[in-house]
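Once you know that position 37 of the sequence shown is 109 in this note's numbering, the rest is easy, because the numbers rise by one and skip nothing. Built from N, CA and C at the ideal position, the CB exists for glycine as well. Following: one structure in structure tokens, then a few remarks.
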Amino acid sequence: MATLLKAPSFLSPLDQKKAQPGIEGDVIDKESVCINEESDYGVVGMHHVGILCESLERSLDFYQNVLGLKINEARPNDEVPFRGAWLWIGSEMIHLIELPNPDPLTGRPEHGGQDRHTCIAIRDVSKLKAILDKAGIPYTLCPSGRPRIFTRDPDANALEFTQVDA
73 MATLLKAPSF
83 LSPLDQKKAQ
93 PGIEGDVIDK
103 ESVCINEESD
113 YGVVGMHHVG
123 ILCESLERSL
133 DFYQNVLGLK
143 INEARPNDEV
153 PFRGAWLWIG
163 SEMIHLIELP
173 NPDPLTGRPE
183 HGGQDRHTCI
193 AIRDVSKLKA
203 ILDKAGIPYT
213 LCPSGRPRIF
223 TRDPDANALE
233 FTQVDA
């Protein structure tokens, strides 16, 4: 089981403050904290997460019509040898990639937190819960009671939604 590392003692007081855990132990500061200057190659954040899907239309229906994500029209899809779409998640993106999905749709853990997953920060877990209920999409709640929901997209990719103060 992974644990959140505490800020190394050799960081400056300002950097130690930036590395302090935020909500639920997450570091919510936009700046990256590196172990030392030698290993600092300029990480500024996550750009996108690639998610495989067998049917781009089916996945777009889920991500746009259920989750309410918007397509990034500025990202070209004709420069690669597969179909895909870029969806905005805050200032980052999900890249849906239409390829044969190598992962089985069955036999996966019911709780997505026990599987590979993408975590999306949201403001209101209860509102998302109502949206998923209305759409008839199954989900599990965080066993610890923290404000988190786990669900799967149409290709069984696990998604975690964690509530943060923004």
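Closest residue to Arg155 among Gln235, Glu164, Ile209 and Arg130 (Cα-Cα distance): Arg130
Relative to the C-alpha of Leu64, which residue among Ala228, Gln235, Val236 and Glu109 is closest? Look at the range of the chain in this structure, 73 to 238, and you will see that residue 64 is not part of it.
Buried or exposed: Asp225, going by 16 or more other Cβ atoms within 10 Å of its Cβ? buried
Any beta strand (DSSP E) of 3 or more consecutive residues that is wholly inside the region 104 to 149: 120 to 125
What residue range does the beta strand (DSSP E) around Leu200 cover? Careful: Leu200 lies outside any beta strand (DSSP E), inside the alpha helix (DSSP H) at Val197 to Ala207.
Give the range of the beta strand (DSSP E) segment to which Ile159 is assigned. Residue identity check: residue 159 is Leu in the sequence provided, not Ile. Its beta strand (DSSP E) spans residues Arg155 to Ile161.
Taking Ala193 as part of the beta strand (DSSP E), name the residues at either end of that continuous run. His189 to Ile194
Closer than 8 Å by C-beta to Ile194: which residues in its own chain qualify, once you throw out the five before and the five after it? Chain order, please. Leu200, Phe233, Thr234, Gln235 and Val236
Whether Ile123 touches Ile166 by CB criterion (7 Å): yes
Return yes when the Cβ of Ala230 is within less than 7 Å of the Cβ of Asp196, no when it is not. no
Is Glu170 buried or exposed, if buried means 16 or more other CB atoms sit within 10 Å of its CB? buried
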